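The structure under discussion appears below in the form of structure tokens.
Protein chains: 2
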Amino acid sequence: MRKEMFNHEINILRDTYRRLLRRNAKTNLIKLTGKTHPADLAVVFRHFSEEEQNEIFSLMKENVHTSEFLTELDDALVNDLLEDESFERIASIIEKAPTNDQSGILNVLDDDKAQSVIELLNVEEQEGIAEIMGYPDDSAGLLMNTEVFTLHESITAGEAIKTLQDQENAEMVFYLYITDNDDRLVGVISLRALTTTPSSTNLKDIMIKKVHSIRPETDQEDVARIVAQYNFLAVPVLDSDSKLLGIVTVDDVVDVIREEATEDFLQMAGAGKDREILLKSSWENAKARLPWLFASWVGGVIAASLIGVFENMLENIIALAAFIPVILGMGGNIATQSSTIIVRGMATGRVNEGGEIKLILKEVQVGIMLGILYGILLGVFARFTFSEAPDNLGFVVGLSICVSMIVAATVGTIIPLILRKLDIDPAIATGPFVTTSIDILGVLFYFIIAGYFLSI
Amino acid sequence: MRKEMFNHEINILRDTYRRLLRRNAKTNLIKLTGKTHPADLAVVFRHFSEEEQNEIFSLMKENVHTSEFLTELDDALVNDLLEDESFERIASIIEKAPTNDQSGILNVLDDDKAQSVIELLNVEEQEGIAEIMGYPDDSAGLLMNTEVFTLHESITAGEAIKTLQDQENAEMVFYLYITDNDDRLVGVISLRALTTTPSSTNLKDIMIKKVHSIRPETDQEDVARIVAQYNFLAVPVLDSDSKLLGIVTVDDVVDVIREEATEDFLQMAGAGKDREILLKSSWENAKARLPWLFASWVGGVIAASLIGVFENMLENIIALAAFIPVILGMGGNIATQSSTIIVRGMATGRVNEGGEIKLILKEVQVGIMLGILYGILLGVFARFTFSEAPDNLGFVVGLSICVSMIVAATVGTIIPLILRKLDIDPAIATGPFVTTSIDILGVLFYFIIAGYFLSI
Chain S
0 MRKEMFNHEI
10 NILRDTYRRL
20 LRRNAKTNLI
30 KLTGKTHPAD
40 LAVVFRHFSE
50 EEQNEIFSLM
60 KENVHTSEFL
70 TELDDALVND
80 LLEDESFERI
90 ASIIEKAPTN
100 DQSGILNVLD
110 DDKAQSVIEL
120 LNVEEQEGIA
130 EIMGYPDDSA
140 GLLMNTEVFT
150 LHESITAGEA
160 IKTLQDQENA
170 EMVFYLYITD
180 NDDRLVGVIS
190 LRALTTTPSS
200 TNLKDIMIKK
210 VHSIRPETDQ
220 EDVARIVAQY
230 NFLAVPVLDS
240 DSKLLGIVTV
250 DDVVDVIREE
260 ATEDFLQMAG
270 AGKDREILLK
280 SSWENAKARL
290 PWLFASWVGG
300 VIAASLIGVF
310 ENMLENIIAL
320 AAFIPVILGM
330 GGNIATQSST
340 IIVRGMATGR
350 VNEGGEIKLI
360 LKEVQVGIML
370 GILYGILLGV
380 FARFTFSEAP
390 DNLGFVVGLS
400 ICVSMIVAAT
410 VGTIIPLILR
420 KLDIDPAIAT
430 GPFVTTSIDI
440 LGVLFYFIIA
450 GYFLSI
Chain D
0 MRKEMFNHEI
10 NILRDTYRRL
20 LRRNAKTNLI
30 KLTGKTHPAD
40 LAVVFRHFSE
50 EEQNEIFSLM
60 KENVHTSEFL
70 TELDDALVND
80 LLEDESFERI
90 ASIIEKAPTN
100 DQSGILNVLD
110 DDKAQSVIEL
120 LNVEEQEGIA
130 EIMGYPDDSA
140 GLLMNTEVFT
150 LHESITAGEA
160 IKTLQDQENA
170 EMVFYLYITD
180 NDDRLVGVIS
190 LRALTTTPSS
200 TNLKDIMIKK
210 VHSIRPETDQ
220 EDVARIVAQY
230 NFLAVPVLDS
240 DSKLLGIVTV
250 DDVVDVIREE
260 ATEDFLQMAG
270 AGKDREILLK
280 SSWENAKARL
290 PWLFASWVGG
300 VIAASLIGVF
310 ENMLENIIAL
320 AAFIPVILGM
330 GGNIATQSST
340 IIVRGMATGR
350 VNEGGEIKLI
360 LKEVQVGIML
370 GILYGILLGV
380 FARFTFSEAP
390 DNLGFVVGLS
400 ICVSMIVAAT
410 VGTIIPLILR
420 KLDIDPAIAT
430 GPFVTTSIDI
440 LGVLFYFIIA
450 GYFLSI
């Protein structure tokens, strides 16, 4: 119900923009843009054609509202908008933005262009951007907000409140970070504790000294895990000398969690890891999906060659061919179930090192239960529908699907566990490995069982 | 790197607990539990055997720390712990907890037991719980914290700070909600704005009047979307008279986003939607996975029957059988890619109503590109490896895989779109529908094409 309303509001906004664009009502367009939340603007932009996007963007002011809009917007669209934009305009849009937003926007541009824009900023901004851009991809360093409000441990609560009143910028203040003479983080105070303490109290005496912190190299997935685990609103980022470099706030963590989940979804399906794949051209789309399909093509070709080897068996009992799809299909599906459960369990911290053997045994049990059930079902079906075939075709088919499902559940469990041991992201590689191996193993077991029991 | 550290800390905690349990050092166990963060305790509990869990829990105090621990713990484990626990102990553990935590814990118990526990609480608590439990599943009403700190619009900033100082409970105060004489929400003030305003200013004059709010029936996915979209720390829940019922805070939203993603993962793989499936027995596990496998079993049986119909073609050209796995496999994989991209796009708001035709056309294009590529690859392979087969087997196989992939990409795109139109959760139903229809369509097109070109 609410989702409808949400879409409804966006649709009204889109229609208003379209009407004003048709009338070429520039003053109204500027006014509407100024009044619209940057996040809403970013969503409604997905509905516009490229010309509409460019026209609206050309009317936008060079201010923080616009840089916030660019930060919320999909990277692919940011790239389209800024492609033909002058260095000067980009620089004046981002010059007042927080450093992490600046580097986020610059990261979308190609290196030369980004460099030219950076050169137009003042030296202090340039240094800040250079520092952030030096951190590894997907690390806390890129996420963190470097404009942190800090207070010295020796001042009083009253002085602290006064300092806070003079502070214009630090928008998202919920914790106040306390430092010593060497700029090291020594404690934290919640804003609420500060306002409810007698004003002569020393910060040192009310601050919480045990502060959970992270390093700038910490992977964003781990940052998300910590923030989610302890219900933090923000977590400080320290260098090796305990100096406070910045804070990662929960709103950025929310975005990380959603983005990481989307990437894992796409990777598990072998569709690349580009969250914005829907905004890309068919050609880029096809390119992202090609590699996984190649892996499964190789698997299919090996399966075809195997069947070629057993051609003489098929010649005698054509009915065997009929059950190839169901045996491979059921195997593939149970393997996908197992590997999805394991991969997701790893992402949410439910699959811990040390419990692997128990996990595998359990999945084998599940495979046995489901294998026997579907083996009987398929065996009975085969026995009564393919009545011209040998009497024990039903038995062979039933046993084959049972074996195939047990093997598949096991393989589907083991492959992600092995990949993690080898430090390969299980979400990337599980899809291709699992389905390919199931295709080959399924065919192999099927014909071995058939050869043994059908005495051809 | 950090993840290692994280696991390392949990492992140390686990080993410490084990050592104390072996020595039966009750005093130390109680002390350790008191010092451990409830969230850490909930994680380390996953590592313990049932006896260990029961022993540690029996030593835990009846206080908020313990109820926070139960709130963080997996539902399946909560159920195990409280199964043999007395009503009185459960009641005294939860009596001081926030109402949403109380109802969260009670929801895990079976209805009779929950009722008996509720009757031991005081009347006010009972009413609060009854109200929350009346809201629909997965709604904002169940998520919200009802202990909200409110201020009347006519008081001054100075008076507000004084009131805040007397407030013990409201732990997570970042916004101050302002109400009028009829208890209606009329505005909001950030704690920071309050501390930085002259103390004689009226709240009415500094509050922000336009407040984004939700209703208690709002689905938690939509709540998550709003909080993520606007970077909120909390969002107020209002009834139809604009009365403030509670607030949903960002830490709960973080949990919702993670849980919803996990459910979608499992559903897409046809493995039920129980986030705690790894904690369940093999039998429950198998039961959750059985239905989807049945759908694919039916698809496989239909495919087998279809192949039975075309038996005479297979008799003439046995090599045809060899390519069944690769044709169905490639079709299934490209369909999974398409449907995953669409389903995830819907979840993240990137697939909007109105753009369906464009979306389908694009996926068809992707199908054509990849279909032609893999058609040629497989055709060439078939031509040269199965040299005894008819000359145009390569052509037939290549054309079949091309058609199969185009059809699969289209079907994989259309099915989730149709399901959404019918108000069926696309994540639940896409898996079974897509793979089953691809198996059947793939076999059908393959034999029709073979029959036409191979003139059997």
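So the protein lines, in turn, are chains S and D.
Quick note: the first sequence, position 245, residue 244 per numbering that gives the first Met the number 0, numbers continuous.
Quick note: the second sequence, position 35, residue 34 per numbering that gives the first Met the number 0, numbers continuous.
Every residue, glycine too, gets a C-beta built ideally from N, C-alpha and C.
No experiment lies behind these values; they were computed from the predicted model shown.
Next on the checklist: Just to confirm my understanding: we take N391(D), look at its own chain, exclude 5 residues before and 5 after, and list those with CB closer than 8 Å. What are they?
Outcome noted: F452, L453
Checklist entry - Under the three-state reduction of DSSP, which class applies to I188(D): helix, strand or coil? => result strand
Item to check | Limits of the unbroken beta strand (DSSP E) element including Y174(S) | outcome: 174–178
Next on the checklist: Less than 8 Å between the beta carbons of V147(D) and I246(D), yes or no?
Outcome noted: yes
Next on the checklist: Rounding to the nearest angstrom, what Cα-Cα distance links L265(S) and L20(D) in this structure?
Outcome noted: 44 Å
Item to check | beta strand (DSSP E) segment containing P235(S), residue limits | outcome: 233–237
Next on the checklist: I'd like the list of long-range same chain contacts for L409(D), defined as Cβ closer than 6 Å, with 5 residues on each side in sequence excluded.
Outcome noted: According to the sequence displayed, residue 409(D) carries Thr and not Leu. Here the set comprises V363.
Next on the checklist: Under 8 Å, with one C-beta from each stretch per pair, do the segment 279–290 of chain D and the segment 286–304 of chain S reach the 3-pair mark?
Outcome noted: no
Checklist entry - Using DSSP with H/G/I as helix, E/B as strand and the rest coil, what is K95(D)? => result coil
Checklist entry - Can you give the beta carbon distance from E152(S) to L119(S), rounded, assuming they're within the 8 Å contact cut? => result At roughly 39 Å, the Cβ-Cβ gap does not stay under 8 Å, so E152(S) and L119(S) are not in contact.
Checklist entry - What are the residues of the segment 332–343 of chain D that lie near chain S, defined by any Cβ-Cβ distance shorter than 9 Å? => result N332, I333, T335, Q336, S337, S338, T339, I340, I341, V342, R343
Checklist entry - According to the neighbour-count rule (16 or more other Cβ atoms, all chains shown, within 10 Å of its Cβ), is V379(S) buried or exposed? => result exposed
Checklist entry - In three-state terms, what does DSSP make of D390(S)? => result coil
Checklist entry - Which bits of chain D does M368(S) rub up against, with CB to CB less than 8 Å? => result S281, W282, A285
Next on the checklist: Within the continuous alpha helix (DSSP H) that includes L372(D), where are the two ends?
Outcome noted: 355–384
Checklist entry - Which term fits R343(D), buried or exposed, when burial requires 16 or more other beta carbons within 10 angstroms of its beta carbon? => result buried
Next on the checklist: DSSP three-state label for G245(D), please.
Outcome noted: strand
Next on the checklist: Counting only beta-carbon separations shorter than 8 Å, does S199(D) have a partner in chain S?
Outcome noted: no
Next on the checklist: So with CB distances below 8 Å, who are the chain D contacts of M345(S)?
Outcome noted: None at all; the shortest Cβ gap to chain D is about 10 Å.
Checklist entry - From this set, T162(S), I154(S), N106(S), which residue's C-alpha is nearest P135(S)'s C-alpha? => result N106(S)
Item to check | Option in G269(S), R382(S), K112(S) with minimal Cα separation from S85(S) | outcome: K112(S)
Checklist entry - What in chain D is Cβ-close to H64(S), meaning under 7 Å? => result None at all; the shortest Cβ gap to chain D is about 14 Å.
Next on the checklist: If the cut-off is 9 Å on Cβ atoms, which residues from the segment 214–237 of chain S count as contacting chain D, listed in chain order?
Outcome noted: R214, E216, T217, D218, E220, D221, V222, A223, R224, I225, V226, A227, Q228, Y229, N230, F231, L232
Checklist entry - Who are the neighbours of Q101(S) on chain D, taking C-beta pairs under 7 Å? => result Within chain D, no residue comes near Q101(S); the closest Cβ sits about 18 Å away, beyond 7 Å.
Checklist entry - To the nearest whole angstrom, what separates the beta carbons of V433(S) and S338(S), a pair I think is in contact under 8 Å? => result 5 Å
Checklist entry - Span of the alpha helix (DSSP H) holding T65(S)? => result 63–71
Checklist entry - Between T195(D) and chain S, is there a C-beta pair that is closer than 8 Å? => result yes
Checklist entry - Exposed or buried, what is D221(D) when buried is set at 16 or more other beta-carbons lying within 10 Å of its beta-carbon? => result buried
Checklist entry - Along chain D, in chain order, which residues have C-beta atoms closer than 7 Å to that of I11(S)? => result Within chain D, no residue comes near I11(S); the closest Cβ sits about 14 Å away, beyond 7 Å.
Checklist entry - Is the segment 340–355 of chain D in contact with the segment 388–403 of chain D, if contact means three or more CB pairs nearer than 8 Å? => result no
Next on the checklist: Residues of chain S with CB closer than 8 Å to the CB of K361(D), please, in chain order.
Outcome noted: S281, N284
Checklist entry - Going along chain S in order, which residues have a C-beta closer than 9 Å to the C-beta of Q164(D)? => result T194, T195, T196
Item to check | Segment contact flag, the segment 287–303 of chain S with the segment 410–419 of chain S, C-beta cutoff 8 Å, min 3 pairs | outcome: no
Checklist entry - Where I400(D) and A318(D) are concerned, what is the direct C-alpha to C-alpha distance, given to the nearest angstrom? => result 15 Å
Checklist entry - Under three-state DSSP, which class holds S153(S)? => result coil
Item to check | Residues that I205(S) bridges to, as DSSP identifies them | outcome: For I205(S), which the question treats as bridged, DSSP gives no partner whatsoever.
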